[in-house]
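Structure first, commentary second.
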Amino acid sequence: MTLQQQALPLSPAAKHDGSATHRGDYLLVAGMVAPGSKVLDVGCGDGDLLQLLESRGIDGRGIELSREGVNRCVAKGLAVVQGDADTDLGNYPDDAFDYVILSQTLQATRQPKAVLENLLRIGSRAIVSFPNFGFWRMRLQLLVGGHMPRTENLPATWYDTPNIHFCTIKDFVQLCDEISVKMERAVALDLYGRPLRLSAPWWFWNMFGEQGVFLLSRAGKAK
Amino acid sequence: MVKVQSIPSPAIHADERSQEADHPSSRVAQFGADQPLRLDCGIDLVPFQIAYQTYGELNAERSNAILVCHALTGDQHVFNMHPVTGKPGWWETMVGPGRPLDTDRYFIISSNVIGGCMGSTGPASTNPATGKPWGLDFPIVTIPDMVRAQAMLLDRLGIETLFSVVGGSMGGMQALQWTAAFPERVFSTLAIACSTRHSAQNIAFHELGRQAVMADPEWKNGRYFENGTHPHRGLGVARMAAHITYLSDAALHRKFGRRMQDRELPTFSFDADFQVESYLRYQGSSFVERFDANSYLYLTRAMDYFDIAADHEGVLARAFRGIKTRFCVVSFTSDWLFPTSESRALVHALNASSARVSFAEIETDRGHDAFLLDVPEFFDISRAFLQSAAKARGLSGDGA
């Protein structure tokens, strides 16, 4: 089982989407990438997002932790290598990519802050998506149930989850401020992968967003 | 006296092997005095010849050529019966119609390396200056020398750019050297079970093999052809030792365990009581039928000297700076001769060069030799890599 599958299985809603077999957040992420750019997908799982990007003429590369995931990607003809976001990003030179994508993986890294800094060293922009631990159903399970939350998208128990660094949308925004990362675009998706209203305030996103998707750039150095 | 049994004398006569060295049963490209091969050791090899085979058709754009580089004891006979042993080609699992290296779609070229003994100039070839086999008068060759010779062959064939260069083990070293030396001539590179430099352990094993050959009194300082002798015991031992390194503990255990060979009880002798002994002796004795002992010395030496980074101020990434070639690197979990860590170091260097690289580690217990065996996941990955590169190259999908 790949890291990504454990972290976020295919949303049931996406399967009913007749127009594409891609997850809603993939379509959103792919839409943030300018055509003709060079992209590194960190934690690329089975390569679905990379395939979507390549179909749009984007030069995509990937890193994946699990050997099975890597081999499935390579067998699809994708440029994917086995590697760990925590340890292997250091091998990439500065400004090697236009975008570095970290999709549903940040919460599974040992050093999320260092990883985030690396993303914006390697790429001029980073696209980060993660499950929002501040989502109302998470809060409810902890408040009322008194146990670690489990949802359809995050079904693992506390003792076998790869997700060791959960955060809320609010936490993530604070981290971005702390390390002077500029948020170019932020979207919160509901349980069905649909974007929440743009005009909604942060607290609303943090309560009703099931996941957050952020387009980031280096403060002051954004192109 | 306790019964002993050693490697038998080869059934194939030395004349037949030396015949193949000068007049191979394959195509030959001759290079005369006007086209010397500049060797790394400073000597110009002239004249020389390269024995090669081709399979499939070169398309009109001359854009579908794949060079297959062979490993230490391989040769150009990838997909045809071997002229000495009568056995099938050494990579018929990988090359052929519908195979990953699809002969219906690609034009496959394979050549015997310089220093080899199957028709490209090497120590078993006749030295034109003396009319006798070169023996140890043959200059030391390197992996870059092999690749330069192959580049001259491609010039002769009128092929400017390779769609792909593919090889495992020493063949993978050549594939990497090709890409580092001629990046503009290589569209894609499939490097399997190899490394950018030979490790100390591997040099040590090679030295063991060379000393086994040289310790055989029939080696006679490399002049065994003239003396009518053959260092089959030394070469056989070298092959047996090397063959262990191509397998794995798990594979040996699975294949042989401690099982006895055609007997229930030990014979209390040095006969081949165990199946694994019998197997190794067979490997040793069949190898000496087809391979030249001096060639074994030269080719192992070439691998020992291989170190791409050393030619680029010790920084591997510099060898591939700005490269546009698409790479696929494959390693096998149980390969302890060219372990995954070596492939990973290559991949890190390629990442640092922003090269387009795929890297897959295949789970198998079959050791280094896995690249020659039937490993479906390896074939799937090789096929997909080439197909994706073919798409990028604009090669048509339904054959030439």
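Keeping their order, the protein sequence lines are chains A and B.
Residue numbering for the first sequence follows the working numbering, beginning at 102 and increasing consecutively.
Residue numbering for the second sequence follows the working numbering, beginning at -7 and increasing consecutively.
Don't be surprised by glycine CBs; every beta carbon is placed ideally from N, CA and C.
Subject >> Buried or exposed by the 16-neighbour rule on C-beta atoms within 10 Å, applied to Asp254(B) >> reply: Counting Cβ neighbours within 10 Å, Asp254(B) comes out exposed, since fewer than 16 surround it.
Subject >> Per-residue DSSP class, three states only, for Leu190(A) >> reply: If DSSP states are grouped into helix, strand and coil, Leu190(A) belongs with the helices.
**OP:** Count the other C-beta atoms from every protein chain shown that fall within 10 angstroms of the C-beta of Gly178(A), then say buried if there are 16 or more, exposed otherwise.
**Re:** When all chains shown are included, Gly178(A) counts as buried.
Original post:
Is it a yes or a no for the segment 212 to 226 of chain A touching the segment 179 to 190 of chain A, going by three-plus beta-carbon pairs under 8 Å?
Top reply: Taking a cut-off of 8 Å for Cβ pairs, the segment 212 to 226 of chain A and the segment 179 to 190 of chain A touch, as three or more such pairs fall below it.
**OP:** Thinking Thr188(B) and Ala301(B) are a contact (beta carbons under 8 Å), I'd like their distance in whole angstroms, please.
**Re:** The beta carbons of Thr188(B) and Ala301(B) sit about 6 Å from each other, so the pair counts as a contact at 8 Å.
Subject >> Identity of the residues DSSP links to Phe231(A) by a beta bridge >> reply: DSSP lists Gly313(A) as the beta-bridge partner residues of Phe231(A).
**OP:** Mind checking who Tyr44(B) pairs with in its DSSP beta bridge?
**Re:** Its beta-bridge partners are Arg19(B) and Ser103(B).
Subject >> chain A contact for Val339(B) (CB, 8 Å cutoff) >> reply: With 8 Å as the cut-off, Val339(B) counts as an interface residue toward chain A.
Subject >> beta strand (DSSP E) segment containing Thr181(B), residue limits >> reply: That run of the beta strand (DSSP E) goes Ser180 to Ile184.
Original post:
In whole angstroms, what separates the C-alpha of Tyr44(B) from that of Gln68(B)?
Top reply: Looking at the backbone, the Cα of Tyr44(B) and that of Gln68(B) are separated by about 6 Å.
Original post:
Taking the alpha helix (DSSP H) that Ser345(B) falls in, what are its first and last residues?
Top reply: Segment: none, Ser345(B) is in no alpha helix (DSSP H) and carries neither H nor E.
Original post:
To which residues of the same chain is Glu285(A) closer than 8 Å at the C-beta, ignoring the five residues directly before and after it?
Top reply: The answer, listed in chain order, is Arg226, Leu316, Leu317, Ser318 and Ala323.
Subject >> C-beta contact flag for Gln27(B) and Met144(B) at 8 Å >> reply: Gln27(B) is a Cβ neighbour of Met144(B), given a cutoff of 8 Å.
**OP:** Verify whether the separation of the beta carbon atoms of Leu154(B) and Leu59(B) is less than 8 Å.
**Re:** It is a contact, given that the beta carbons lie within the stated cut-off.
**OP:** Measure the beta-carbon distance from Val143(A) to Ile228(A) and round it to whole angstroms, keeping in mind my assumption that it falls under 8 Å.
**Re:** Val143(A) to Ile228(A), Cβ: 10 Å. No contact.
**OP:** Report the option in Tyr127(A), Asn233(A) and Val181(A) whose CA atom is closest to the CA atom of Phe305(A).
**Re:** Looking at the Cα atoms, Asn233(A) is the closest of the given residues.
**OP:** Please say whether Leu308(B) and Ala341(B) have beta carbons closer to each other than 8 Å?
**Re:** In this structure, the beta-carbon distance from Ala341(B) to Leu308(B) falls below 8 Å.
Original post:
How about the segment 214 to 234 of chain B and the segment 276 to 283 of chain B: do they share at least three Cβ pairs that are nearer than 8 Å?
Top reply: Yes, they touch.
Original post:
Taking the C-alpha atoms as reference points, what is the distance between Thr378(B) and Gly164(B)?
Top reply: The displayed chain sequence assigns Leu, not Thr, to residue 378(B). Separation of Leu378(B) and Gly164(B) (C-alpha to C-alpha, rounded to the nearest whole angstrom) is 16 Å.
Subject >> Residues that Arg348(B) contacts on chain A, provided the C-beta gap is smaller than 9 Å >> reply: Result: Asp160, Arg162 and Ala180.
Subject >> Residue closest to Pro194(A), alpha-carbon to alpha-carbon, out of Arg358(B), Gly314(B), Pro92(B) and Phe363(B) >> reply: For Pro194(A), the nearest C-alpha among the options comes from Gly314(B).
Subject >> Boundaries (first-last residue) of the beta strand (DSSP E) holding Phe198(A) >> reply: It spans Phe198 to Ser204 - the beta strand (DSSP E) in which Phe198(A) sits, taken as one unbroken run.
Original post:
Would the beta-carbon of Asp334(A) fall within 8 Å of that of Gly294(A)?
Top reply: Shown here, chain A extends from 102 to 324; a query on residue 334(A) therefore has no answer.
**OP:** Whole angstroms is fine: what's the gap from Met(-7)(B)'s alpha carbon to Val367(B)'s?
**Re:** In this structure, the CA atom of Met(-7)(B) is about 46 Å from the CA atom of Val367(B).
Subject >> Closer than 7 Å at the beta carbon, the chain A residues around Ser277(B) >> reply: Those within 7 Å of Ser277(B) in chain A number zero; the least Cβ separation is about 38 Å.
Subject >> Given Arg157(A) as reference, the closest of Asp291(A), Ile164(A), Ser138(A) and Cys174(A) once Cα atoms are compared >> reply: Residue Ser138(A) is the option with its Cα nearest to Arg157(A).
Subject >> C-alpha gap between His266(A) and Val105(B), whole angstroms >> reply: Their Cα atoms are separated by approximately 54 Å.
Original post:
Which residue or residues does DSSP assign as beta-bridge partners of Met284(A)?
Top reply: In DSSP, Met284(A) forms a bridge with Leu317(A).
Subject >> Near-chain A residues of the segment 371 to 383 of chain B (beta-carbon distance less than 7 Å), N- to C-terminal order >> reply: So the close ones are Asp372, Ile373, Ala376, Phe377, Gln379 and Ser380.
Original post:
Closest to Arg238(A) by CA distance: which of Phe231(A), Gly224(A), Ala301(A) and Leu255(A) is it?
Top reply: That would be Leu255(A), whose Cα lies nearest to the Cα of Arg238(A).
**OP:** With 8 Å as the threshold, decide whether the Cβ of Val216(A) is near any Cβ in chain B.
**Re:** No, Val216(A) lies away from the interface with chain B (no Cβ there is under 8 Å from its Cβ).
**OP:** Compare the C-beta of Ala352(B) against all C-beta atoms of chain D and say whether one is closer than 8 Å.
**Re:** Within the model displayed, chain D is absent; protein chains A and B are what it includes.
**OP:** Reducing DSSP to helix, strand and coil, say where Asn254(A) ends up.
**Re:** Shown here, Asn254(A) sits in coil according to DSSP, grouped into three states, outside any helix or strand.
**OP:** Assign His198(B) to buried or exposed, taking buried as 16 or more other Cβ atoms, counted over all protein chains shown, within 10 Å of its Cβ.
**Re:** Buried, by the Cβ-count rule.
**OP:** Assign Cys320(B) to one of three DSSP states: helix, strand, or coil.
**Re:** Strand.
Original post:
For the alpha helix (DSSP H) that contains Asp372(B), what are its first and last residues?
Top reply: Run containing Asp372(B): Pro368 to Arg385, per the alpha helix (DSSP H) assignment.
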